[in-house]
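Per UniProt numbering: the sequence shown = residues 1 to 170.
No residue lacks a Cβ here, since even glycine has one placed at the ideal position from N, Cα and C.
Since the structure is predicted, the reported quantities are computational estimates derived from the model, not experimental observations.
Structure, as C-alpha cells:
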Amino acid sequence: MGQVLATVQEKFHGRQWKEAQIRKISDKVYDRIRADSGDAEGLTFENLYIAVLCVYNDINKHLPGAHNDPPTKEKLKAMMQEYDINLDGLLDREEFAEFIRKLTPDALSAISLNLIIALILAPTVALVTKRATEGVPGIGRVVHKLPNSVYASIVTLGVVLVQKSGEGCE
C-alpha cells in the first residue's frame with residue numbers, strides 16, 4: 001500500500017516526475033545506441049544523431065499530440081559542442097542526459113498543452129454551455145435528456161477529432 005501511495009504522490013509532482021521520465025528515456029536510448037555501436041567511451045556525433053531520432057520516435061509513438069520533428073543536424077552539432085564538457089568529441093551518459101533534457105522541453109510542453117485542452121478545457125466548456133444548447137429547437141430536448149457525463153464525452157471527442165484533423169494539415 002505504501003508503494004502505491006508513493007507512486008501516486010510521485011506522479012503528482014509533475015516537474016520531478018517528468019525529469020525522471022526523461023532520464024529513463026535517455027538512459028535507455030544511450031545504452032541501446034552504445035551497445036549497437038560498440039563505442040566504449042561515449043556517443044560520437046553520428047550515434048548522437050541516431051539517439052536523438054530514437055528519442056523523438058519514442059515521444060511521437062507513446063505520447064499524444066502533434067508529430068514532433070527532431071532538430072536538424074546543424075543544430076545538433078552546435079548543441080553537442082555545448083554539452084561536450086570534457087571536449088573529447090564524445091558525449092558520456094551524464095552529458096547525454098543533460099543534452100536530452102535541454103532538447104525535449106518544447107515537445108513535451110506542446111503535448112501537455114494538447115492534453116489540457118482535450119481533457120480539462122473541453123469537458124468544462126461542454127458542461128457550461130449545455131444549458132444554452134437546451135434552448136435550441138429540436139436539439140434542445142435531446143441535449144436536456146443526455147446525462148452531463150455523456151454530453152461532456154461527446155464534446156470532448158469532437159475536440160479531439162478536430163485536433164487530430166488539424167495535425168494532418170501541418
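Going by C-alpha to C-alpha distance, which of Met-80, Val-55 and Asn-47 sits closest to Asp-69? Val-55
What is the C-beta distance between Pro-137 and Leu-103, in whole angstroms, given that I count them as a contact (C-beta under 8 Å)? The Cβ separation is near 54 Å, so there is no contact.
Any idea if Ile-120 is buried or exposed, counting beta-carbon neighbours within 10 angstroms, 16 or more meaning buried? exposed
Which class does Leu-90 belong to by DSSP, given the choice of helix, strand or coil? coil
Coarse secondary structure for Leu-146, derived from DSSP in three states: coil
Assuming contact is defined by CB atoms lying nearer than 7 Å, are Leu-53 and Leu-91 in contact in what I supplied? no
Assuming Ala-126 contacts Ala-152 under a Cβ cut-off of 8 Å, what Cβ separation, rounded to an integer in Å, is found between them? 4 Å
Status (buried if at least 16 other CB within 10 Å, exposed otherwise) for Ser-149: exposed
With distances taken Cα to Cα, identify the nearest neighbour of Met-79 among Thr-44, Asn-60 and Asn-57. Thr-44
DSSP three-state call for Cys-169: helix, strand or coil? Annotation note: pLDDT 47 at Cys-169 (below 50); position unreliable, no value reported.
Limits of the alpha helix (DSSP H) - the one that Val-125 falls within: 122-133
Where does Gly-129 land, buried or exposed, given buried means 16+ other C-beta within 10 angstroms? Note on identity: in this sequence residue 129 is Thr, with Gly being the wrong assignment. By the neighbour-count rule (16 or more Cβ atoms within 10 Å), Thr-129 is not buried but exposed.
Can you give the beta carbon distance from His-67 to Asn-57, rounded, assuming they're within the 8 Å contact cut? In fact, because the Cβ distance is near 11 Å, the residues do not count as touching under 8 Å.
Less than 8 Å between the CB atoms is what I'm expecting for Thr-22 and Arg-93, so what's the real figure, rounded? The question names Thr, yet the displayed sequence has Ile at residue 22. So it is not a contact: roughly 14 Å between Cβ atoms.
Would you please state the rounded distance, in angstroms, between the beta carbons of Val-155 and Pro-123? I believe it to be under 8 Å. 7 Å
Could you check the C-alpha separation between Asp-36 and Gly-42 for me, to the nearest Å? 12 Å
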